[in-house]
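Data block below; observations after.
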Amino acid sequence: MNATTQIELIQPDDWHLHLRDGPQLAAVVGSSARIFARAIVMPNLRPPVTTTDQALAYRERILAALPAGSLFQPLMTLYLTDQTSPAEIERAKASGAVFACKLYPAGATTHADQGVTDIWRLQPVLEAMRALGMPLLIHGEVVDPRVDIFDREAVFIEQVLRPLIDRLPGLRIVLEHITTAEAANLVRAGPETLAATITPHHLLYNRNALLAGGIRPHLYCLPVLKHERHRLALLEAATSGDPRFFLGTDSAPHPLRAKESACGCAGIFNAHAALEVYAELFEQAGALDRLEGFASRHGPDFYGLPRNPGRVRLFQDPWTVTLSYAFGDDRLIPFRAGELIRWRAELVQSDTHDLP
Ligand code: NCD
Ligand code: ZN
Numbered sequence: 000m001n002a003t004t005q006i007e008l009i010q011p012d013d014w015h016l017h018l019r020d021g022p023q024l025a026a027v028v029g030s031s032a033r034i035f036a037r038a039i040v041m042p043n044l045r046p047p048v049t050t051t052d053q054a055l056a057y058r059e060r061i062l063a064a065l066p067a068g069s070l071f072q073p074l075m076t077l078y079l080t081d082q083t084s085p086a087e088i089e090r091a092k093a094s095g096a097v098f099a100c101k102l103y104p105a106g107a108t109t110h111a112d113q114g115v116t117d118i119w120r121l122q123p124v125l126e127a128m129r130a131l132g133m134p135l136l137i138h139g140e141v142v143d144p145r146v147d148i149f150d151r152e153a154v155f156i157e158q159v160l161r162p163l164i165d166r167l168p169g170l171r172i173v174l175e176h177i178t179t180a181e182a183a184n185l186v187r188a189g190p191e192t193l194a195a196t197i198t199p200h201h202l203l204y205n206r207n208a209l210l211a212g213g214i215r216p217h218l219y220c221l222p223v224l225k226h227e228r229h230r231l232a233l234l235e236a237a238t239s240g241d242p243r244f245f246l247g248t249d250s251a252p253h254p255l256r257a258k259e260s261a262c263g264c265a266g267i268f269n270a271h272a273a274l275e276v277y278a279e280l281f282e283q284a285g286a287l288d289r290l291e292g293f294a295s296r297h298g299p300d301f302y303g304l305p306r307n308p309g310r311v312r313l314f315q316d317p318w319t320v321t322l323s324y325a326f327g328d329d330r331l332i333p334f335r336a337g338e339l340i341r342w343r344a345e346l347v348q349s350d351t352h353d354l355p
């Protein structure tokens with residue numbers, strides 16, 4: 000049987016993306032806008048995007064940084080803190096530009112120091128979100144340094160997420176960038192209001208890749224890469240056709256100097272090749288026919304947004320990833336730098352819907 004050499008998909012969206020700001024934003028936004036119609040934009044800037052006004056201003060900066068003619072739509076999020084009020088959630092919803100709120104346990108990851116210290120204190124905010132149908136996006140790791148770093152997601156699920164689901168039924172929750180079999184199982188067995196995003200890097204690599212012949216800072220992200228058994232569970236979930244699993248790249252660029260350092264930052268930049276890497280993975284799993292659901296249908300369906308009218312074509316035409324990109328006053332080392340990628344993606348049509 001001949002291998003598939005070309006497929007067409009509804010234009011996909013990225014449901015978890017870091018675009019940064021200023022010259023860094025200008026350097027990376029085109030990589031996402033090249034293929035994705037929309038993206039849920041993470042609010043972990045410095046200072047974080049905690050108010051609707053800040054989200055609207057950030058949205059304008061993103062639109063201004065887009066390549067000429069791009070129809071890419073940034074879907075904004077608010078960064079929850081101990082001070083977030085239910086009134087701010089109402090303003091966010093009324094703006095029509097904010098599509099979710101992000102929960103970072105304080106200190107869990109890059110720029111999470113102003114995150115939430117005790118989720119139960121936010122109960123009125125979470126109730127407002129539930130009433131307004133505003134999804135809660137969760138970085139699902141405990142921050143207790145006594146918990147082994149490879150166990151922090153599984154412990155978060157037991158200590159925080161299960162009680163949250165029980166206490167606030169109906170709240171729409173996306174467990175972001177899942178990395179464990181425990182997370183995949185929780186979502187599969189959970190209510191319809193619970194979903195998860197899965198990154199290309201957690202589908203492609205296990206934790207050995209971090210220490211392959213030496214320390215590999217460009218594969219360091221949070222949650223950290225896990226054991227092979229978890230990677231296989233994620234691959235199974237992503238390619239299963241279950242509509243609660245969808246594409247979120249967690250593309251998270253950092254300057255070379257901040258990655259190749261005695262204390263390197265967490266985050267992998269993959270926007271330049273994300274859809275193509277997912278295509279390789281789905282192809283290897285014999286599930287190319289399920290890529291459209293994961294990349295283009297499950298996300299908008301969960302968020303209650305229309306699927307994109309545009310289309311993309313994926314075809315087999317191997318290309319080599321650039322070794323580095325300009326990134327503000329530094330360089331950016333992309334995911335799979337210098338490696339061959341078998342698939343190439345291009346837009347067929349790029350119409351977009353007007354947002355509600
Ligand atoms: C992200 C970043 O750099 O903003 N880093 C990462 O390793 N994924 C933050 C995050 O999503 O945890
Ligand atoms: Zn992220």
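Numbering-wise (numbering that gives the first Met the number 0), the sequence shown opens with residue 0 and increments by one. Beta carbons: idealized from backbone N, C-alpha and C, even for Gly. Here the structure is a predicted model, which means the values were calculated and not measured.
### Query
Excluding sequence positions up to five away, which residues of its chain have a Cβ less than 8 Å from the Cβ of Gln348?
Gln10, Pro308, Gly309 and Arg310
### Task
Within its chain, find whatever has a CB closer than 7 Å to the CB of Thr198; leave out the 5 residues flanking it on each side and keep chain order.
His176, Gly247, Thr248 and Asp249
### Task
Could you please give me the residues that DSSP links to Phe149 through a beta bridge?
In the DSSP output, where bridge partners are listed per residue, Phe149 has none listed.
### Query
Enumerated in chain order, which unbroken segments of the beta strand (DSSP E) with a length of 3 residues or greater are wholly contained in the stretch 35-120?
37-40, 72-78 and 97-102
### For Thr319: DSSP bridge partner residues
Leu339
### Task
Flag Met128 as yes when its Cβ comes closer than 6 Å to any non-hydrogen atom of the ligand FAD, and as no otherwise.
The ligand FAD is not among the ligands present in this structure, which contains only the ligand NCD and the ligand ZN.
### Task
Please list, in chain order, all residues of the same chain as Leu18 whose beta carbon is under 7 Å from its beta carbon, the five residues on each side excluded.
So the qualifying residues of the chain are Leu24, Val27, Val28, Val40 and Ile61.
### Task
Let me know the secondary structure DSSP gives Met0 once reduced to three states.
Interpretation of Met0 is limited by its pLDDT of 41, a score under 50 that renders its predicted location unreliable; the figure taken from the coordinates is listed afterwards. It is coil, neither helix nor strand.
### Task
Could you say which of Pro242, His271, Gln53 and Ala91 lies nearest to Ala127 if we only look at CA atoms?
Ala91
### Task
Output the distance between the C-alpha atoms of Gly292 and Pro190, rounded to the nearest integer angstrom.
19 Å
### Message
Excluding the 5 residues flanking Ser239 on each side, which residues of the same chain have their C-beta closer than 7 Å to its C-beta?
### Response
none
### Task
Round the Cβ separation of Glu87 and Thr51 to the nearest angstrom and send it over; I've been treating them as touching at under 8 Å.
7 Å
### Task
Using a threshold of 7 Å, state whether the C-beta atoms of Trp342 and Leu313 are closer than that.
Leu313 is positioned such that its CB atom lies closer than 7 Å to that of Trp342.
### Message
Do Glu140 and Ala107 count as a contact pair if the criterion is CB distance below 7 Å?
### Response
yes
### Query
Does DSSP put Ile6 in a helix, a strand or coil?
strand
### Rounded Cβ spacing between Gly266 and Pro22 (contact assumed at less than 8 Å)
Between Pro22 and Gly266 the Cβ distance is about 17 Å, and since that is not below 8 Å, they are no contact.
### Straight-line Cα distance separating Ser84 from Asn207
It is roughly 43 Å from the alpha-carbon of Asn207 to the alpha-carbon of Ser84.
### Message
Mapping the DSSP letters down to three states, classify Tyr324 as helix, strand or coil.
### Response
strand
### Query
On the three-state DSSP scale, how would you describe His253?
coil
### Query
Taking 6 Å as the line, does the beta carbon of Asp249 fall inside it for any heavy atom of the ligand ZN?
Indeed, a heavy atom of the ligand ZN lies less than 6 Å from the Cβ.
### Query
If you measure from the CB of Cys262, is any heavy atom of the ligand NCD nearer than 6 Å?
no
### Query
Can you tell me where the beta strand (DSSP E) with Arg330 in it begins and where it stops?
Counting along the chain, the beta strand (DSSP E) containing Arg330 begins and ends at Asp329 to Leu331.
### Query
Mind checking whether Pro47 and Gln122 have CB atoms under 7 Å apart?
no
### Query
With respect to 6 Å, is the separation between the Cβ of Met133 and the closest non-hydrogen atom of the ligand ZN below this value?
No, since every heavy atom of the ligand ZN falls outside the 6 Å radius drawn around the Cβ of Met133.
### Task
Report yes if the C-beta distance between Ser30 and Ala270 is below 7 Å; otherwise report no.
yes
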